[in-house]
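Have a look at the structure below before the remarks.
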Ligand code: HEM
């Protein structure tokens, strides 16, 4: 039960407990029901979890800043002022513009065909076969095979990318684990060792290093941009694909509707990203007293912004737990909104769309077993998803 102090709701939940990491949705509902901004004493933060308040907070970058750290550990927040997620104002927009260059819809259209072909081949190789772990064999496939190629990292970087991304996101919570610290340090050492000679010419990283030669970027900016391609781009999209596959397999009526009308593929992707938002939260610090629908967050307080909680707010989405490709969820907050809105959103959507296109074109039936939840503190998704792609009876959608 929330306890009421003078004017702020208080709730004793631990969003980093194993139970909550596994299934945070009861805690999210309790936070939404307790009030527009809720003091969590265990973490000493104000949590914002209702859709309209999260949307407004993300669009208030001068009052709620990212540049004082956006995580809950010193080691994560040590990246403030250095990685794009934890910068404000002009330095942020300058670095962000550099990062966005290969990620615009126009640029990604060029990569679409190649990504599609790769995933079609992979789906064909799995079609009609035994059950497999979809997280490894299907969800991780495009980021590891294709995105690493687009970024242009040397071989050793590709092999370690997944481990680096998982460990780094795990560091966002309090009391970081020693093994995650070691793996994340390895990632930083690798990034710092990169040079124009060690990356693929013409790749995203290659283009960045070329901009150093012409004086457009500094070496530091290049390494900051490469980290922004490697760390937040992998586990996020992998886990999101796991949710997408599970949502469709668990809702055969929706899958049948999609096979009959593939024009709904983009909506199916958005609906899964809404229902099972991979990024649990980031935080901000209030630069002045900040009003959240009548609750005042005092200047200097840390604020936890719960994307996944907002996307299941019954005040915004009727029956929010339901996977429904016909609802209008285009304002979803899975990729955030405002100046820090995900730089890789178009790539993430593209990867998920080509995966569904390949499955629809294969005329497949999707069968999911019981998934095992991963326990990453920053990201919500499966470690393991038993899955089968069966050949559908000819011409008859399931
Ligand atoms: C389903 C997959 C993904 C999800 C759910 C996701 C989610 C998010 C969210 C919620 C933010 C907002 C951070 C904030 O409000 O402070 C963000 C930022 C960011 N994301 Fe993603 N992301 C995904 C995929 C990607 C990919 C594929 C890339 C890179 C290719 C990427 C790169 C970034 C970067 C660089 C930022 C920081 C942008 C800034 O601070 O201006 N993300 N992401």
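In this note's numbering, the protein residues as written are 1241 to 1638. Think of the CB as a built atom: it goes at the ideal place given N, C-alpha and C, for glycine as much as any other residue.
State the CB to CB distance for the pair residue i and residue j, rounded to an integer number of angstroms; the pair is presumed to be in contact (CB under 8 Å).
{"i": "residue 1616", "j": "residue 1409", "result": "6 Å"}
{"i": "residue 1629", "j": "residue 1366", "result": "5 Å"}
{"i": "residue 1463", "j": "residue 1434", "result": "7 Å"}
{"i": "residue 1625", "j": "residue 1421", "result": "Incorrect: roughly 28 Å between the Cβ atoms, too far for contact."}
{"i": "residue 1470", "j": "residue 1285", "result": "No, residue 1470 and residue 1285 are not in contact; Cβ-Cβ is about 28 Å, not under 8 Å."}
{"i": "residue 1359", "j": "residue 1623", "result": "The Cβ separation is near 22 Å, so there is no contact."}
{"i": "residue 1587", "j": "residue 1513", "result": "With 8 Å as the limit, residue 1587 and residue 1513 do not qualify as a contact, their Cβ atoms being about 13 Å apart."}
{"i": "residue 1306", "j": "residue 1325", "result": "6 Å"}
{"i": "residue 1378", "j": "residue 1398", "result": "About 18 Å separates the two Cβ atoms, so there is no contact after all."}
{"i": "residue 1547", "j": "residue 1574", "result": "6 Å"}
Buried or exposed: where does residue i fall if 16 or more other Cβ atoms within 10 Å of its Cβ makes it buried?
{"i": "residue 1570", "result": "exposed"}
{"i": "residue 1401", "result": "buried"}
{"i": "residue 1561", "result": "exposed"}
{"i": "residue 1516", "result": "buried"}
{"i": "residue 1593", "result": "buried"}
{"i": "residue 1417", "result": "exposed"}
{"i": "residue 1263", "result": "exposed"}
{"i": "residue 1396", "result": "exposed"}
{"i": "residue 1419", "result": "exposed"}
{"i": "residue 1487", "result": "buried"}
{"i": "residue 1350", "result": "exposed"}
{"i": "residue 1555", "result": "exposed"}
{"i": "residue 1345", "result": "exposed"}
{"i": "residue 1501", "result": "exposed"}
{"i": "residue 1329", "result": "exposed"}
{"i": "residue 1477", "result": "buried"}
{"i": "residue 1503", "result": "exposed"}
{"i": "residue 1455", "result": "exposed"}
{"i": "residue 1274", "result": "buried"}
Between residue i and the rest of its own chain, which residues show a CB-CB distance below 7 Å, the 5 nearest in sequence each way excluded?
{"i": "residue 1534", "result": "1276"}
{"i": "residue 1632", "result": "1603, 1604, 1605 and 1638"}
{"i": "residue 1461", "result": "1335 and 1338"}
{"i": "residue 1255", "result": "1264 and 1267"}
{"i": "residue 1272", "result": "1289, 1290, 1549 and 1553"}
{"i": "residue 1545", "result": "1288, 1294, 1297, 1298, 1521, 1522, 1523 and 1524"}
{"i": "residue 1373", "result": "1624, 1625 and 1626"}
{"i": "residue 1322", "result": "1464"}
{"i": "residue 1576", "result": "1298, 1547 and 1582"}
Taking residue i as the reference, which of the options has the closest Cα?
{"i": "residue 1563", "options": "1490, 1255 and 1253", "result": "1490"}
{"i": "residue 1347", "options": "1626, 1443, 1610 and 1477", "result": "1443"}
{"i": "residue 1467", "options": "1492, 1513, 1437 and 1388", "result": "1388"}
{"i": "residue 1608", "options": "1510, 1431 and 1371", "result": "1371"}
{"i": "residue 1645", "options": "1551, 1599, 1580 and 1430", "result": "Outside the shown range of the chain, which is 1241 to 1638, sits residue 1645, and nothing can be said about it."}
{"i": "residue 1308", "options": "1465, 1345 and 1317", "result": "1317"}
{"i": "residue 1431", "options": "1465, 1414 and 1492", "result": "1465"}
{"i": "residue 1364", "options": "1610, 1600 and 1621", "result": "1600"}
{"i": "residue 1203", "options": "1383, 1579 and 1398", "result": "The structure shown has nothing for residue 1203, since the chain only spans 1241 to 1638."}
{"i": "residue 1493", "options": "1565, 1482 and 1511", "result": "1565"}
{"i": "residue 1596", "options": "1357, 1472 and 1414", "result": "1357"}
{"i": "residue 1585", "options": "1413, 1343, 1497 and 1448", "result": "1343"}
{"i": "residue 1483", "options": "1311, 1614 and 1333", "result": "1614"}
{"i": "residue 1567", "options": "1621, 1537, 1532 and 1506", "result": "1506"}
{"i": "residue 1510", "options": "1481, 1450 and 1320", "result": "1481"}
{"i": "residue 1612", "options": "1301, 1327 and 1375", "result": "1375"}
{"i": "residue 1300", "options": "1496, 1498, 1532 and 1508", "result": "1532"}
Excluding the 5 residues flanking residue i on each side, which residues of the same chain have their C-beta closer than 8 Å to its C-beta?
{"i": "residue 1354", "result": "1386"}
{"i": "residue 1424", "result": "1315, 1404, 1407, 1408 and 1411"}
{"i": "residue 1303", "result": "1526, 1527, 1528 and 1530"}
{"i": "residue 1244", "result": "Unreliable positioning characterises residue 1244 in this predicted model, as indicated by a pLDDT of 48, which lies under 50. A coordinate reading is not provided."}
{"i": "residue 1352", "result": "1590 and 1594"}
{"i": "residue 1459", "result": "1452"}
{"i": "residue 1253", "result": "1260, 1267, 1270, 1271, 1280 and 1282"}
{"i": "residue 1340", "result": "1583"}
{"i": "residue 1415", "result": "1313"}
{"i": "residue 1384", "result": "1398, 1401, 1402 and 1474"}
Relative to the ligand ATP, is the shortest distance from any of its heavy atoms to the C-beta of residue i smaller than 7 Å?
{"i": "residue 1310", "result": "With respect to small molecules bound, the structure shown includes the ligand HEM and not the ligand ATP."}
Leaving aside the five residues before and after residue i along the sequence, list all residues of the same chain whose C-beta is less than 6 Å from its C-beta, in chain order.
{"i": "residue 1248", "result": "1279 and 1535"}
{"i": "residue 1257", "result": "none"}
{"i": "residue 1439", "result": "1392, 1445 and 1446"}
{"i": "residue 1666", "result": "Nothing about residue 1666 can be reported from this structure: the residues present for the chain run from 1241 to 1638 only."}
{"i": "residue 1368", "result": "1631"}
{"i": "residue 1539", "result": "1526, 1528 and 1529"}
{"i": "residue 1541", "result": "1286 and 1526"}
{"i": "residue 1427", "result": "1404"}
{"i": "residue 1394", "result": "1438"}
{"i": "residue 1448", "result": "1462 and 1465"}
{"i": "residue 1413", "result": "1256, 1312 and 1617"}
Contact criterion: CB-CB distance below 8 Å. Does residue i meet it with respect to chain C?
{"i": "residue 1632", "result": "Included in the structure is just one protein chain, with no chain C present."}
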